[in-house]
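Chains A and B, in that order, give the protein sequences.
If you read the first sequence in the numbering used here, its first letter stands for residue 1, the second for the next number, and so on.
If you read the second sequence in the numbering used here, its first letter stands for residue 1001, the second for the next number, and so on.
The beta-carbon is built from N, C-alpha and C at its ideal position, and this holds for glycine as well.
I have placed the structure first, in the form of structure tokens, so that the comments after it can refer back to it.
Number of protein chains: 2
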Amino acid sequence: MRLSTKGRYAVTAMLDLAIHENKGPITLASISQCQGISLSYLEQLFSRLRRAGLVEGVRGPGGGYRLSRDGQHISVADIINAVDESFDATRCQGRADCQDGEKCLTHELWTDLSDQIQGFLSNITLGEFINRPQVREIIANVQRTGSDRVSAAA
Amino acid sequence: MRLSTKGRYAVTAMLDLAIHENKGPITLASISQCQGISLSYLEQLFSRLRRAGLVEGVRGPGGGYRLSRDGQHISVADIINAVDESFDATRCQGRADCQDGEKCLTHELWTDLSDQIQGFLSNITLGEFINRPQVREIIANVQRTGSDRVSAAA
DNA sequence: TAATTGTTGACTATTTTACTTGGTTAATAT
DNA sequence: ATATTAACCAAGTAAAATAGTCAACAATTA
């Protein structure tokens, strides 16, 4: 479980899709412009998100990306795992040839902790998150002051 | 909040110190050997942990590092923040000149989420973690099969 | 057909990670 | 005192990850 700006890009982009879930596909160009991420970099990220089955692309004019399943069933952990491919290959794998056993010990402690974090992020879904009262408030405020995404994308 | 192998190294090393909290200082050489991390890299990490006030070094023979305060009061978030120095400087800072307001929106959603993760990891302290029944079991098992750290360090 | 948008691959620059080398100090043991 | 131990410190380096560019191609719509 790695958590970097790469993961943040993916999560914020996915939140973008989740918020406009019912307004048709969102183009990467739009996300690129709004979030200041290069288009090609987003393409790379979405390539992975698509292969992970989290989004589906729609080609042609009016196309873009949409969530491939309900936001309620896409967790933050899903997204981060999709773009990070962190097959960790922690040392001392299998062979218990550590000098005094401590190596395997702390390694195991970390995996325990890592599982905890993973579990925590698995319980935060896009749908659940954007439906929290305080988050809904943020969304409402921004859409009141700024112009809507639909008009901006049209 | 960045979470990489660097952070894992730091956390596992700190868990090492926490487990042997009452057995005097632990040398970096010992941790290096046990966890397969280069000594100098550990020195760099502990330099930061020390400057963050999480550990204190003891020079000379029999020296090493120990926690500078009780493990109950050192959280995983403390450790990761100490070694990662992630002042993120997320774009669109202050100036709300985003094209359609969406940029600031998802940025804010991320900080919300990020605060959640931070809060979660702040609640997991070294002391609390290694005192969990299932974790204590791991520790007991390893110390039964392998030789003890004290004998290995002596 | 022309425009739009996803899809893919190769290639590059920058940053971070992880490590190396070579020292210096401070404490301890002989 | 001297040698040993170990923390401290500072450059520099190789490998990897991050972030981005460029260029082509495929499907869809108007």
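Note down, in chain order, every chain B residue with its Cβ under 7 Å from the Cβ of residue i.
i      : result
A/E108 : I1138
A/L105 : I1138, I1139, V1142
Which one or two residues does DSSP pair with residue i in a beta bridge?
i       : result
A/I124  : DSSP output for A/I124 lists no bridge partner at all.
A/I26   : A/Y65
B/L1003 : A/L3
So residue i contacts chain A; which residues on that side make the cut at Cβ distance below 7 Å?
i       : result
B/F1120 : F120
B/D1078 : Within 7 Å Cβ-Cβ: nothing; B/D1078 doesn't reach chain A, min ~14 Å.
B/R1002 : L3, S4
B/V1135 : L109, D112
B/L1067 : Here the premise fails: no neighbours, minimum Cβ distance about 15 Å.
B/R1050 : Result: empty, since nearest Cβ-Cβ is about 19 Å, beyond 7 Å.
B/R1008 : W110
For residue i, which three-state DSSP category applies?
i       : result
A/E43   : helix
A/R66   : strand
B/S1075 : strand
A/L54   : coil
A/S60   : With the sequence shown as reference, residue 60 of chain A is identified as Gly, and Ser is not the correct amino acid for it. Three-state DSSP puts A/G60 in coil, outside helix and strand.
A/G36   : coil
A/H20   : coil
B/N1141 : helix
A/E85   : coil
A/T12   : helix
B/R1048 : helix
B/R1136 : helix
B/A1096 : At B/A1096 the pLDDT is 44, less than 50, meaning the model places this residue with poor confidence; the figure from the coordinates comes in the next sentence. DSSP places B/A1096 in coil when its eight states are reduced to three.
Find the residues of chain B that neighbour residue i, judging by a C-beta separation of less than 8 Å, and give them in chain order.
i      : result
A/L113 : V1011, V1076, I1124, F1129
Can you name the residues of chain A whose CB is closer than 9 Å to the CB of residue i?
i       : result
B/L1015 : L105, T106, L109, W110, L113
Next item on the list: Residues of the segment 1032 to 1047 of chain B with a CB closer than 8 Å to any CB of chain A: list them in chain order, please.
Entry: Q1033, C1034, Q1035, G1036
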